[in-house]
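Following our numbering, the numbering of the sequence shown begins with 510 at its first residue and continues without gaps. Idealized CB from N, CA, C, for every residue including glycine.
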Amino acid sequence: MSRHPDLDLTPEVARALEAGQPVVALETAIVTHGMPRPVNLETAQAVEAEIRAQGAVPATIAVIDGRLRAGVTAEELEMLAAIPEGVQKASRKDLPAIIAKRATAGTTVAATMFIADLAGIPIFATGGIGGVHRGAETTGDVSADLTELGRTPVGVVCAGAKSILDLPRTLEWLETAGVPVLGYRSDAFPAFFTPDSGLGVDQRMDSPAEIATALAAGRRLGNGGTLICNPIAEADALPKDQIDAVIAQAVADAAAQGIEGKAVTPFLLGKVLDLTGGDSLNANVALVRSNARLAAEIAVALASQ
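Here it is, written out as structure tokens:
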């Protein structure tokens, strides 16, 4: 397979893809912008270990010195987690300018999906996707993650959309874009910190092999991405009433301070972390690790088809 001129693979990832072995893509915006130090590095390392334990190869996605990367070294991961000055948060639209400036960036869901597809990696694990923001009927604020899911044929394992978002409108957007929303052993669309938002998924899937079969069929049919919802375990979840109240307070604070655009999500997540006394971070770490395990199991099933 010829390699894209802007893309570099680590030797391990290149060998695995060449041999048809299971590979799972991982984002880095969660490392550079989504979690505080040192939890960001500890989580990134634990997630890679979860994937290896299931017999798959992790391919952590980033942009380093203007090169798209599928796989990073341990030293590069430590550098990204240190959040040095100048490390950007890159969505797909940001990649050309970052390449031109030979800059370094953590990749969002949208950018990670795009780079994973360039590398030939069909499955990706994250925490939660972006979506339609609350108040989008007046602001028009809709995450590029949704657009990417509509056009890029990568399966995304997540705990639903971030609960700070407008979940009903997010699901409507996904339906319009033709994105299948699958629930792993659940009929409910999860709300990140809680396993049930009160909304439903398109189809329940009861095994990684069944999900892998659906992903392979989607590729044959020329579909875009597939959203695979893996609800947070009850033992790790936050009480729904508590998190709903916390998010309402965080949204009100953002509006009062005039927080807009790209700054909204990190502000809200930071506020939620403060208001839950750190419980939201513990839940985030647990669900990311769970999603990585499921993604690896799907990757193994895909490789055996």
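Here DSSP, grouped into helix, strand and coil, assigns I638 to strand. Residue pairing by DSSP puts F698 in a beta bridge opposite L708. One Cα belongs to V522, the other to L535, and the distance between them is close to 12 Å.
Per DSSP, the beta-bridge partners of P567 are V533. Cβ contact annotation for A792 (same chain, cutoff 6 Å, sequence separation greater than five): F702, D745, L747, in chain order. Per DSSP, the unbroken beta strand (DSSP E) holding A599 starts and ends at 597 to 599. DSSP places T541 outside any beta strand (DSSP E), giving it a letter other than H or E. Just so you know, the alpha carbons of A628 and L676 end up roughly 31 Å apart. For V666, the enclosing beta strand (DSSP E) covers residues 664 to 667. Ranked by Cα distance from G659, the first of N732, D574, T613 is N732. The Cβ-Cβ distance between I756 and V781 falls below 8 Å. One thing to note: L691 has its Cβ within 8 Å of the Cβ of M714. In the three-state reduction of the DSSP assignment, A746 falls in the coil class. Within its own chain, the residues whose Cβ lies closer than 7 Å to the Cβ of I752, once the five positions on either side in sequence are excluded, are S672, F702, T703, listed in chain order. Membership of A591 in any beta strand (DSSP E) is not indicated, and neither H nor E is assigned to it by DSSP. By the Cβ-count criterion, D654 is buried, with 16 or more other Cβ atoms from all chains shown falling within 10 Å of its own Cβ. Sequence-distant partners of I630 (beyond 5 residues in either direction) whose C-beta falls short of 6 Å from its own C-beta, in its chain, are V532, A534, A568. Under the DSSP assignment, I737 falls in the beta strand (DSSP E) whose first and last residues are 735 to 738. In this structure, the beta-carbon distance from G580 to T519 falls below 8 Å. The DSSP assignment places 749 to 765, 773 to 784 as complete runs of the alpha helix (DSSP H) inside the segment 742 to 806, in order along the chain (cut-off: 4 residues). In the DSSP assignment, G692 falls outside any alpha helix (DSSP H) and within the unbroken beta strand (DSSP E) covering 690 to 693.
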